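Report on the structure given below.
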Amino acid sequence: MRALLLLLLAVATLRTAAADVEVVTAAPSRPVAEDADFDPYTEQTAPLIEPVAAERREEREAAYAPKNRHVETFDFDPSEGLTFFVAAGERECFFQDAKSVGDALGGAYVVSSADSHIDLEVKNPEGATIYRRLGDAEGQYEVHPSMAGVHELCFINSDSDGKLVTHVTKTLQSQHPVEREHVSVLAKYASHLDIRLGELESEQRLHQIRTERHIKVEETTSKRVSFYGTLECVVYLLVCFFQVYYIKSLLDNPSKARTWA
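Spelled out as structure tokens, the structure:
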């Protein structure tokens, strides 16, 4: 009886699978129409996501609105980043060339040391300071100089401890140019996906730098707690030894002990 039931169940499963195959093969294939107005560098979630899903996504993004985190909006490429050490009381300077008047000089930086504060200063070819940013752990800058030429970009460490700084100037968008008239719709969507993956990679790199900074802060705090805890124990032991010695001296020489009325 059990074998008969298993046989009937297998026959029903085969019929269902055959019906699904017929439905799939009967569906006509439609060619993908090219969207001439598609731009992979702009947000176009409406054709790809349902309105309800898009509305929920906007609500989640509105709920998560961290303050003072402008670095996420800069599409820097972590593979083009430069990590360097700025010694205590020193400055590290780099140079960016403005080909013509009005060219934008921009970039982003993150400090990964425990004491995460650094000063940024930009000078024009004449040596005059045209941009200054003080005491930030991370930030994004964009300067439109009024003259062409080589500009000096300096990171200044005014503290007593050295710091690690990661600085990036090249963007993802500048490395993935898309010519609308030369590519198909599939290539456009692939380029869009490539840019989004690059943004995700840059955000992960940023979180990694922040995590390393927090780990260093915790290690520094742990060392300080251990030092002061050990110092406190040593003081307690010295006080205990002094009390034992004092009481022993009183017991050995009772004539020197004071009596209190």
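Residue numbering for the sequence shown follows our numbering, beginning at 36 and increasing consecutively. Ideal placement from N, C-alpha and C gives every residue a C-beta, glycine not left out. Remember, it's a predicted structure, so these values are computed and weren't measured experimentally.
Look up glycine 233 in the DSSP assignment and say whether it is helix, strand or coil.
helix
Do valine 146 and valine 200 have their C-beta atoms within less than 8 Å of each other?
Closer than 8 Å, so yes.
Checking 8 Å against the spacing of the C-beta atoms, do cysteine 189 and cysteine 128 come in under that value?
yes
Is isoleucine 165 closer than 8 Å to valine 121 when the C-beta atoms are compared?
Going by C-beta atoms, valine 121 is not nearer than 8 Å to isoleucine 165.
Just the Cα atoms here: how many angstroms apart are alanine 123 and arginine 245?
Just so you know, the alpha carbons of alanine 123 and arginine 245 end up roughly 21 Å apart.
Going straight from the alpha carbon of asparagine 159 to that of valine 260, what length do you get?
46 Å
What separation, rounded to the nearest whole angstrom, lies between the Cα atoms of arginine 248 and serine 151?
8 Å
Which residue or residues does DSSP assign as beta-bridge partners of leucine 253?
In the sequence as displayed, the identity of residue 253 is glutamate instead of leucine. According to DSSP, glutamate 253 bridges with nothing at all.
Within 10 angstroms of its Cβ, does leucine 286 collect 16 or more other Cβ (buried), or is it exposed?
Residue burial is scored here from C-beta neighbours: leucine 286 has fewer than 16 other C-beta atoms within 10 angstroms and is therefore classed as exposed.
Leaving out five residues before and five after valine 185 in sequence, what residues of the same chain have Cβ atoms less than 7 Å from its Cβ?
Phe130, Asp132, Pro160
Should leucine 155 be labelled buried (16 or more other beta-carbon atoms within 10 Å of its own) or exposed?
buried
If you follow the beta strand (DSSP E) that aspartate 171 is part of, which residue opens it and which one closes it?
164-171
What residue does the beta strand (DSSP E) around isoleucine 187 start on, and which one ends it?
Looking at the sequence shown, residue 187 is not isoleucine but glutamate. It spans 184-191 - the beta strand (DSSP E) in which glutamate 187 sits, taken as one unbroken run.
Please report the straight-line C-alpha distance between histidine 179 and leucine 228, rounded to a whole angstrom.
Straight-line Cα distance between these residues: approximately 31 Å.
Is lysine 198 helix, strand or coil by DSSP?
strand
Curious, which full-length beta strand (DSSP E) runs of at least 3 residues does the region 119-143 contain?
Taken in chain order, the complete beta strand (DSSP E) segments of 3 residues or longer contained in the region 119-143 are 126-133.
For glycine 324 and glutamate 177, which I take to be in contact (beta-carbon distance under 8 Å), what is that distance rounded to the nearest angstrom?
Residue 324 lies beyond the residue range present for the chain, which begins at 36 and ends at 296; the question has no answer from this structure.
Would you tell me roughly how many angstroms separate the C-alpha atoms of valine 136 and aspartate 171, rounded to the nearest one?
28 Å
Can you tell me which residues form a DSSP beta bridge with leucine 155?
Arg168, Phe190
Under three-state DSSP, which class holds tyrosine 177?
Note on residue identity: the sequence assigns glutamate, not tyrosine, to residue 177. Here glutamate 177 sits in strand by DSSP.
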